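Participant: Each step along the sequence shown adds one to the number in the working numbering, with nothing skipped, and position 238 is 600.
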Amino acid sequence: MDGLASIGNRDLEANLKSLVRKERMLLHLILEYIREVDARRLYLEHAYSSMYDYLTKELGYSSSAALRRLEAARLMNVVPGLADKIQQGSINLTQVGELTRAIHEKEKTGERISNEVKSEIIDQIAGLSGEQTQKTVAMSLDIELKDPERVRIQKDESVHLSITLTREQFEILTSCKEKAAHSLQLANGDHSWAKVIEVVAGQYLDEKSSGREEKSFSRSTDSRIHSKNKTLTLKTRRFILNRDKCCQYKDKRTGRICGSKYGLQVDHIIPRWSGGTHEPENLQVLCWSHNNQKYREEAGIKFRSSS
363 MDGLASIGNR DLEANLKSLV RKERMLLHLI LEYIREVDAR RLYLEHAYSS MYDYLTKELG
423 YSSSAALRRL EAARLMNVVP GLADKIQQGS INLTQVGELT RAIHEKEKTG ERISNEVKSE
483 IIDQIAGLSG EQTQKTVAMS LDIELKDPER VRIQKDESVH LSITLTREQF EILTSCKEKA
543 AHSLQLANGD HSWAKVIEVV AGQYLDEKSS GREEKSFSRS TDSRIHSKNK TLTLKTRRFI
603 LNRDKCCQYK DKRTGRICGS KYGLQVDHII PRWSGGTHEP ENLQVLCWSH NNQKYREEAG
663 IKFRSSS
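1) Residue range of the alpha helix (DSSP H) that residue 426 falls in?
2) Can you have a look at residue 439 and say buried or exposed, based on whether 16 or more other CB atoms are within 10 angstroms of its CB?
3) Where does residue 515 fall in DSSP's three states?
4) Work out the CA separation of residue 597 and residue 578 for me, nearest whole Å.
5) Between the segment 609-623 and the segment 646-666, do three or more beta carbon pairs fall short of 8 angstroms?
6) What residue does the beta strand (DSSP E) around residue 646 start on, and which one ends it?
7) Under the rule that 16 or more other beta-carbon atoms within 10 Å means buried, what is residue 413, buried or exposed?
8) Return yes when the Cβ of residue 393 is within less than 8 angstroms of the Cβ of residue 475, no when it is not.
9) May I have the straight-line CA-CA distance separating residue 503 from residue 660, to the nearest angstrom?
10) Out of 599, 497, 655 and 426, point me to the one whose CA is closest to residue 643's CA.
11) Residues in its own chain within less than 8 angstroms of residue 431 by CB, not counting five upstream and five downstream?
12) Which of helix, strand or coil does DSSP assign to residue 614?
13) Between residue 318 and residue 483, how many whole angstroms is the CB-CB distance? I'm expecting something under 8 angstroms.
14) Within the same chain, show all residues whose beta-carbon is closer than 6 angstroms to that of residue 467, passing over the 5 residues directly before and after it, in chain order.
15) Around the C-beta of residue 436, are 16 or more other C-beta atoms found within 10 angstroms, so that it is buried, or is it exposed?
16) Hey, how far is the Cα of residue 652 from the Cα of residue 517?
17) With DSSP as the reference, label residue 368 as helix, strand or coil.
18) To the nearest angstrom, how far is it from the Cα of residue 303 to the Cα of residue 382?
19) Report the three-state DSSP secondary structure of residue 509 (helix, strand or coil).
20) According to the Cβ coordinates, are residue 525 and residue 488 closer than 8 angstroms?
21) How far does the beta strand (DSSP E) with residue 523 in it extend, from its first residue to its last?
22) Does chain B have any CB closer than 8 angstroms to the CB of residue 596?
23) How is residue 579 classed by DSSP in three states: helix, strand or coil?
24) Is DSSP giving residue 589 helix, strand or coil here?
25) Quick one: using the 10 Å Cβ neighbour count with 16 as the cut-off for buried, is residue 446 buried or exposed?
26) Which word fits residue 610, buried or exposed, when buried means at least 16 other C-beta atoms lie within 10 angstroms of its C-beta?
Spelled out as structure tokens, the structure:
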């Protein structure tokens, strides 16, 4: 903006401060909108299985930016004063992320953190630096914060994964590496941790796959697909899962398919209570979120708003 060169120092600084105030107000408004869209589960209608996917794929946020905004919007549900602090600039999204991550770590121990405690910690970290926030949160929750897990897609489409393991978890992984030594040697002698995870995970998936086939065969020698069965047979479910491979829910306006591969379930396109059969053409794969969404649509149940 070449025009800025002609603005006097006082006006330049005043304009900058005004823009910062507007930026904070806009962020506050965006978080309110994210909170409401999340509460209504509107992302499901657009064939996204989660609000995170909606923020990254539909709105174009980066992974970290989407996560920070989603964490803040959800924390605003239980800490009403957080919205004002974000607008005032006394709390930023990085601080919210630190607190949210710490709460998750604490609740892994089985202890639930009350909304009152969350609100108190928000008051304590208002106006603090990043390092001061970490120390205050750790002391308030009596935990030792771990570095967050990080997943970064690299230029060659490889993935850089950064995680923290407990001593016990690392010992288990080391034991797997020792037991998989022969397989690793066959894999061009690659003994890297990436190869260990690939080999061990591959063996696990092979065992699960073969185990299902044996179980299916032993249960019945006549497990053919039959529309009169009261429940779907295991073979029917496996056939549909292998055919569709991912969630088939479609955005009614764009035709976009969800494509999620998490929590897949086999669903009747025409429900059983409406005369639907177990024939393959009446079956589809949906993720848990969209299966639940379809049930709500059929039952006429709407999600509540955030207010």
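Ideal Cβ positions, reconstructed from N, Cα and C, are used throughout, including at glycine.
It should be emphasised that the depicted structure is a prediction, and the values quoted were computed from it without experimental measurement.
Facilitator: On the basis of the data shown:
1) In the sequence shown, residue 426 corresponds to position 64, counting from 1. Note, residue 426: alpha helix (DSSP H), 425-440.
2) Walking along the sequence shown from the start, residue 439 turns up at place 77. Taking every protein chain shown into account, the CB of residue 439 has fewer than 16 other CB atoms within 10 angstroms, so this residue is exposed.
3) Taking the sequence shown and counting its residues from 1, the one referred to as residue 515 is at position 153. When secondary structure is reduced to three states using DSSP, residue 515 falls in the strand class.
4) In the sequence shown, the residue the question calls residue 578 occupies position 216. In the sequence shown, the residue the question calls residue 597 occupies position 235. At residue 578, the pLDDT of 46 sits below 50, so the modelled position is not reliable; the number obtained from the coordinates is stated separately. Residue 578 and residue 597: Cα-Cα distance of roughly 7 angstroms.
5) Of all C-beta pairs linking the segment 609-623 to the segment 646-666, three or more are shorter than 8 angstroms, placing the two stretches in contact.
6) Counted from its first residue, the sequence shown places residue 646 at position 284. Per DSSP, residue 646 belongs to the beta strand (DSSP E) from 645-649.
7) Against the sequence shown, residue 413 aligns to sequence position 51. So residue 413 counts as buried.
8) Position 113 of the sequence shown, counting from 1, holds the residue named residue 475. Position 31 of the sequence shown, counting from 1, holds the residue named residue 393. No; because the gap between Cβ atoms is not below 8 angstroms, this pair is not in contact.
9) The residue labelled residue 503 in the question sits at position 141 within the sequence shown. The residue labelled residue 660 in the question sits at position 298 within the sequence shown. Each residue's CA atom was taken as its position, placing residue 503 and residue 660 some 44 angstroms apart.
10) As a first step, residue 643 is located in the sequence shown; it is residue number 281 there, counting from the start. The candidate whose alpha carbon is nearest that of residue 643 is 599.
11) Taking the sequence shown and counting its residues from 1, the one referred to as residue 431 is at position 69. 392, 393, 396, 417, 423 and 455.
12) Taking the sequence shown and counting its residues from 1, the one referred to as residue 614 is at position 252. If DSSP states are grouped into helix, strand and coil, residue 614 belongs with coil.
13) The question about residue 318 has no answer, for the chain in this structure spans 363 to 669.
14) Locating residue 467 in the sequence shown gives position 105, where the first residue counts as 1. Leaving aside the five residues that flank residue 467 on each side, the residues in its chain whose CB is nearer than 6 angstroms to its CB run, in chain order, 505.
15) The residue given as residue 436 occupies position 74 in the sequence shown. Buried, because 16 or more other Cβ atoms sit within 10 Å of the Cβ of residue 436.
16) Locating residue 652 in the sequence shown gives position 290, where the first residue counts as 1. Locating residue 517 in the sequence shown gives position 155, where the first residue counts as 1. Between residue 652 and residue 517, the C-alpha separation is close to 32 angstroms.
17) Residue 368 sits at position 6 when you count from the first residue of the sequence shown. In the structure shown, residue 368 sits in a helix (DSSP, three-state: H, G or I).
18) Any question about residue 303 goes unanswered here, given that the chain covers just 363 to 669.
19) Locating residue 509 in the sequence shown gives position 147, counting from the first residue. Coil.
20) Counting from one through the sequence shown, the residue named residue 525 turns up at place 163. Counting from one through the sequence shown, the residue named residue 488 turns up at place 126. The criterion of a C-beta distance shorter than 8 angstroms is not satisfied by residue 525 and residue 488.
21) Translated into the one-based positions of the sequence shown, residue 523 becomes position 161. Annotation for residue 523: the continuous beta strand (DSSP E) segment containing it runs 521-524.
22) Here chain B cannot be found, since the structure has a single protein chain.
23) The sequence position of residue 579 within the sequence shown is 217, counting from 1. Confidence at residue 579 is low in this model, with a pLDDT of 44, below 50, so the placement of that residue is unreliable and no value is reported for it.
24) Within the sequence shown, numbered from 1, the residue matching residue 589 stands at position 227. Legend: pLDDT at residue 589 = 47, less than 50; position of this residue unreliable, value from coordinates given subsequently. Three-state DSSP puts residue 589 in coil, outside helix and strand.
25) Position 84 of the sequence shown, counted from the start, is the residue given in the question as residue 446. Taking all protein chains shown into account, residue 446 has fewer than 16 neighbouring C-beta atoms within 10 Å of its C-beta and is therefore exposed.
26) In the sequence shown, residue 610 corresponds to position 248, counting from 1. So residue 610 counts as buried.
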